[in-house]
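For the sequence shown, numbering that gives the first Met the number 0 assigns the number 0 to the initial residue and increments by one for each residue that follows. Note that beta-carbon positions come from the ideal geometry of N, C-alpha and C, so glycine has one too. So the structure is just underneath, and the comments pick up after that.
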Amino acid sequence: MVNSQNESYKTGMHSYHVSIITEMELLSYPSLSQAEEQHIRNFLSQLLIVGIDESIKNMAIALRKQHRLKLPDAIVSATAQSLNALLFTNDLKLSSISTIQTQSLPIK
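Dropping the structure here:
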């Protein structure tokens, strides 16, 4: 997620955040090598990891009910919504939610 108004990893005028859910998903792949895990940890150390507070919890509940999202997707989406941040995703279902700004990433 990218947000232009918060202090964290900055590139130009933007700061980058990641939901604690995304952090957990990235680090929990069963076949992840130690080198790959270290690379991910190094990358994540440059970002602000956003936990789940009361506001994000309530937004996630509402998003899950309204859009029938899986719980992790609802939490990640609520995190972006609470930060008024751009969510990078290739998930068409998340991209269709009007209250969340999304941008797809090119896949090679």
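- Counting along the chain, no beta strand (DSSP E) covers residue 45, and no H or E run does either.
- Residue 82: not part of any beta strand (DSSP E); member of the alpha helix (DSSP H) spanning 70 to 82, first to last residue.
- For residue 57, the closest alpha carbon among the candidates 26, 47, 70 is that of 70.
- Residue environment analysis places residue 98 among the exposed positions, since fewer than 16 neighbouring C-beta atoms fall within 10 angstroms of its C-beta.
- Here residue 63 has 70, 73 as same chain residues with Cβ atoms under 7 Å from its own Cβ, once five neighbours each way along the sequence are excluded.
- Bounds of the alpha helix (DSSP H) holding residue 94 are 91 to 94.
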